[in-house]
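This report refers to the structure that appears directly beneath it.
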Amino acid sequence: MIDLEVLRPVLRGGWGADTCDPHEQDWHTGNPARGQCGVTALIIQDLLGGELILGEVFAGEAKVGYHYWNRLADGREVDLTADQFQPPEVVVGGQVQQRPPGPPRRCRQQYEILRDRVFEALYGGRPKQSTHQ
Numbered sequence: 001m002i003d004l005e006v007l008r009p010v011l012r013g014g015w016g017a018d019t020c021d022p023h024e025q026d027w028h029t030g031n032p033a034r035g036q037c038g039v040t041a042l043i044i045q046d047l048l049g050g051e052l053i054l055g056e057v058f059a060g061e062a063k064v065g066y067h068y069w070n071r072l073a074d075g076r077e078v079d080l081t082a083d084q085f086q087p088p089e090v091v092v093g094g095q096v097q098q099r100p101p102g103p104p105r106r107c108r109q110q111y112e113i114l115r116d117r118v119f120e121a122l123y124g125g126r127p128k129q130s131t132h133q
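This is the structure we're talking about:
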């Protein structure tokens, strides 16, 4: 199994406008984690297992979106995209989400682009078979 400290810079290095959730309008190189939470959480789960956690994002009293992160089997919570939020944005709650079988329905292209970059950097190519496809 890959170590999280090895995976962290590889994931962060793979982020770009083409891996960002298309509904996110604020992505830029100065905030590369913006809109990357869903695809990042899925790839962490692919490689490290654990659970997907989903919270809500509020700006003041208004709900402005959702945020994904991971809980590993040892209980550690891993959120590589938490630094995307700027005041007054706050993540609230956090419920375990069951991952449906097969590729993601939302952001599938972004997930595949980032997954391919990560697997290329870590292993020199795509996996022969993903545990979730």
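If you count the sequence shown from 1, position 107 lands on 107 in UniProt numbering, and the numbers rise without skipping. Glycine is no exception: its CB is placed at the ideal position from the N, C-alpha and C atoms.
The three-state secondary structure of A73, taken from DSSP, is coil. Looking from the CA of P101, the closest CA among N70, L42 and Q95 belongs to L42. I43 sits in a helix when the DSSP states are folded into three classes.
Taking C-beta atoms as the reference points, L80 and L48 fail to come closer than 8 Å. For G65, DSSP records a beta bridge to V57.
An exposed status is given to P22, since fewer than 16 other beta-carbon atoms sit within 10 Å of its beta-carbon. In terms of CA proximity to E77, G50 leads the group Y66, G50 and R117.
The beta carbons of G94 and L54 sit about 7 Å from each other, so the pair counts as a contact at 8 Å. In this structure, the CA atom of D116 is about 7 Å from the CA atom of G125.
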